[in-house]
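Everything in the sequence shown is counted per the numbering used here, starting at 236 for the first residue and increasing by one.
A short write-up of the structure that comes next.
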Amino acid sequence: MNVQLSSPGIGHGTLTSAGKATPIDSVSHNISKGASANTATQRISLARRSEFAARQEHINRQVTHAQRSIAFLDQTLDSLQELKASLSSSVARRATTQDTLEISLARVQAQWQTRHGATGGALGPDLSFHDDGAAQQSFQVRSLDMKSLQNERAEILTVYPRGAGKPSVSVLVDGRHRSDREWARRMDHALAASGISARITDERELTFTARESRWIELREQLMIQGNGHRFPAGRPARATAEATTVAIEPANWQTGTAAERRTTLRQVVQAIDHIQIVRDGLNHVLKRAGTILHSDSNVLASSDAAQTAATFDVALTQANDFQRFSTISAALRGLNGHRVRTVTNGLA
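Shown next as structure tokens:
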């Protein structure tokens, strides 16, 4: 392009380009307009990237917890397979000493005890997967069940989740006839502030849930004070909380007698089957996460290119070649060659 400056043109605020006189103010306006369009595009792109980064962070955390859980399950499966082989030999009356059985069982028990720490809190006692690392422990409280709640005698129960003298919550058991679900909702509402939830199971059992990381403390410190009907009056009394929904309980397995070994063998086989199902589910979590990350990356790249092309299309409304050139130059400032080719292809 041959650009010539002439004194009259400059004097009257004009620029001569290929025989045409173009107001300099108009050119400046287009440059500003192109720069504004580029700024708007960058702002939209930044918002999309922030959303993508937050989503990616969540998925990365999910993947990390899934990988740690799979590693734990693989180690547990190895220990269980070893115990299964020892038990099978013993039941079949092949040469297996009691010491070998006890060593294999102790290895499984020790491995299971590391579950919470090894998985970062992602695998609960029932082997349910929590991608936020907030595994839950379900439990029941003795004397606080549906039968006692349906008792017609009214009573105010004061619950101390962290022991006497610590913050407490109160719930009125008014003796009115209510459905199981309604009682569970009342308990859930009253205990929510203390981080404990309540629900009714299919077996009509009142069950509570808290974060597993708090379970030991809760079990040791939970106290309840009543009016002498369901719980003692006068001072808080220690409440008995018992864990439920545990996937496997190797601490209860016995190998002392032939009958105990057969029973334990059945439990070991069931545990292996259960763990393999959970592991398959975690593999699916990893595959789905990989698909989402790949898809999000493609969408983000395509969206950036499409948004930039759309901004140019709006900005390039002037017929003058020089104005188009100035607008494109301002808008493409800072983009690398690959992005420039992507945008110009979109405009073609």
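Backbone N, C-alpha and C define an ideal beta-carbon position, used for all residues, glycine too.
The structure presented is a predicted model; accordingly, all values stated were derived computationally and were not measured.
Spell out a yes or no on whether the stretch 331 to 344 and the stretch 485 to 493 are touching, meaning 3 or more CB-CB pairs, one atom from each, closer than 8 Å. yes
Tell me whether the beta-carbon of residue 478 lies closer than 8 Å to the beta-carbon of residue 360. Counting from one through the sequence shown, the residue named residue 478 turns up at place 243. Counting from one through the sequence shown, the residue named residue 360 turns up at place 125. Against a cut-off of 8 Å, the Cβ pair of residue 360 and residue 478 comes out as a contact.
Indicate whether the contact test is met: 3 or more Cβ pairs, each with one atom in the stretch 411 to 427 and one in the stretch 494 to 502, closer than 8 Å. no
Please report how far the alpha carbon of residue 472 lies from the alpha carbon of residue 285, in whole angstroms. Translated into positions along the sequence shown, residue 472 becomes position 237. Translated into positions along the sequence shown, residue 285 becomes position 50. Taking the straight line from one Cα to the other gives about 51 Å.
Buried or exposed (CB count within 10 angstroms, at least 16 for buried), residue 362: Translated into positions along the sequence shown, residue 362 becomes position 127. By the neighbour-count rule (16 or more Cβ atoms within 10 Å), residue 362 is buried.
Start-end ranges of the beta strand (DSSP E) lying completely within the stretch 415 to 495, minimum 3 residues: 432 to 435, 441 to 446, 458 to 460 and 476 to 478
Assign residue 333 to one of two classes, buried (16 or more other C-beta atoms within 10 Å of its C-beta) or exposed (fewer than that). Residue numbering aside, residue 333 sits at position 98 when the sequence shown is read from its first letter. So residue 333 ends up on the exposed side.
Helix or strand or just coil, what does DSSP make of residue 405? Looking up residue 405 in the sequence shown gives position 170. In the structure shown, residue 405 sits in a strand (DSSP, three-state: E or B).
Length-filtered (3 minimum) beta strand (DSSP E) runs lying within the stretch 359 to 383: 371 to 376
Compute the Euclidean distance between the alpha carbons of residue 529 and residue 364, then round it to the nearest angstrom. Numbered from its first residue, the sequence shown carries residue 529 at position 294. Numbered from its first residue, the sequence shown carries residue 364 at position 129. If you take the alpha carbons of residue 529 and residue 364, they lie about 23 Å apart.
Under the three-state DSSP convention, the category residue 387 falls into: In the sequence shown, the residue the question calls residue 387 occupies position 152. In this structure, residue 387 counts as coil in the three-state DSSP scheme.
Please report the distance separating the alpha-carbon of residue 614 from that of residue 521. In this structure the chain extends from 236 to 583, so residue 614 is not present and cannot be described.
Could you tell me the boundaries of the alpha helix (DSSP H) in which residue 351 lies? Stepping through the sequence shown from its first residue, residue 351 is reached at position 116. Taken as a continuous stretch (DSSP letters only), the alpha helix (DSSP H) holding residue 351 covers 350 to 353.
Note down the Cα distance separating residue 354 from residue 410, rounded to an integer number of angstroms. Within the sequence shown, the letter at position 119 stands for residue 354. Within the sequence shown, the letter at position 175 stands for residue 410. Looking at the two C-alpha atoms, the distance is approximately 44 Å.
If residue 396 and residue 431 are in contact, beta carbons under 8 Å, what's the gap, nearest whole angstrom? Stepping through the sequence shown from its first residue, residue 396 is reached at position 161. Stepping through the sequence shown from its first residue, residue 431 is reached at position 196. Contact flag correct, Cβ pair sits at about 6 Å.
Could you pull out every residue in the same chain whose Cβ sits closer than 8 Å to the Cβ of residue 312, ignoring the five residues on either side in sequence? The residue given as residue 312 occupies position 77 in the sequence shown. Hits under 8 Å: 507, 510, 511 and 514.
On the DSSP bridge list, what partners appear for residue 392? In the sequence shown, the residue the question calls residue 392 occupies position 157. BP columns for residue 392 point to 406.
Nearest-angstrom Cβ-Cβ length linking residue 305 and residue 527, presumed shorter than 8 Å: Walking along the sequence shown from the start, residue 305 turns up at place 70. Walking along the sequence shown from the start, residue 527 turns up at place 292. 18 Å between Cβ atoms; not a contact.
From 404, 382, 496 and 441, pick the residue whose C-alpha is nearest to that of residue 327; which is it? Reading the sequence shown from its first residue, position 92 is the one you call residue 327. Nearest C-alpha to residue 327: 496.
Taking the alpha-carbon of residue 465 as reference, which of 288, 383 and 437 has the nearest alpha-carbon? For the purposes of this step, residue 465 is taken as residue 230 along the sequence shown, with counting starting at 1. Per the Cα distances, 383.
Please confirm whether residue 429 and residue 404 have their CB atoms less than 8 Å apart. Position 194 of the sequence shown, counting from 1, holds the residue named residue 429. Position 169 of the sequence shown, counting from 1, holds the residue named residue 404. Cβ distance < 8 Å, so residue 429 and residue 404 count as in contact.
I need the DSSP call for residue 266, collapsed to helix, strand or coil. On the sequence shown, position 31 is the one that residue 266 refers to. Confidence in residue 266 is poor, its pLDDT being 49 and thus under 50, which makes the residue's placement unreliable; the coordinate value appears in the next sentence. Helix, per DSSP.
Cβ of residue 459 within 8 Å of Cβ of residue 394? Sequence index remark: in the sequence shown, residue 459 carries index 224 (1-based). Sequence index remark: in the sequence shown, residue 394 carries index 159 (1-based). In contact: residue 459 and residue 394 (Cβ atoms closer than 8 Å).
Would you kindly check if the distance between the Cβ of residue 475 and the Cβ of residue 376 is under 8 Å? Within the sequence shown, numbered from 1, the residue matching residue 376 stands at position 141. Within the sequence shown, numbered from 1, the residue matching residue 475 stands at position 240. Taking 8 Å as the Cβ cut-off, residue 376 and residue 475 qualify as a contacting pair.
Continuous beta strand (DSSP E) assignments of at least 3 residues falling wholly in the stretch 279 to 346: none
Measure the CB-CB distance between residue 303 and residue 369 and report whether it falls below 8 Å. As a first step, residue 303 is located in the sequence shown; it is residue number 68 there, counting from the start. As a first step, residue 369 is located in the sequence shown; it is residue number 134 there, counting from the start. In this structure, residue 369 does not lie closer than 8 Å to residue 303 by Cβ.
Taking DSSP as the reference, what is the three-state secondary structure of residue 413? Here residue 413 corresponds to residue number 178 of the sequence shown, with the count starting at 1. Residue 413: coil per DSSP, three-state reduction.
Rounding to the nearest angstrom, what Cα-Cα distance links residue 663 and residue 482 in this structure? Summary: the structure shown does not reach residue 663, with the chain confined to residues 236 through 583, and so no result is reported for it.
Give every residue of the same chain whose Cβ lies closer than 8 Å to the Cβ of residue 371, excluding the five residues on either side of it in the sequence, and list them in chain order. As a working note, residue 371 is residue 136 in the sequence shown. 359, 363, 365, 444, 445, 446 and 447, listed in sequence order.
Alpha carbon of residue 461 to alpha carbon of residue 320, nearest angstrom: In the sequence shown, residue 461 corresponds to position 226, counting from 1. In the sequence shown, residue 320 corresponds to position 85, counting from 1. Those two C-alpha atoms are separated by around 52 Å.
DSSP three-state assignment for residue 523, whether helix, strand or coil: As a position in the sequence shown, residue 523 is number 288, starting the count at 1. Residue state, collapsed to three classes: helix.
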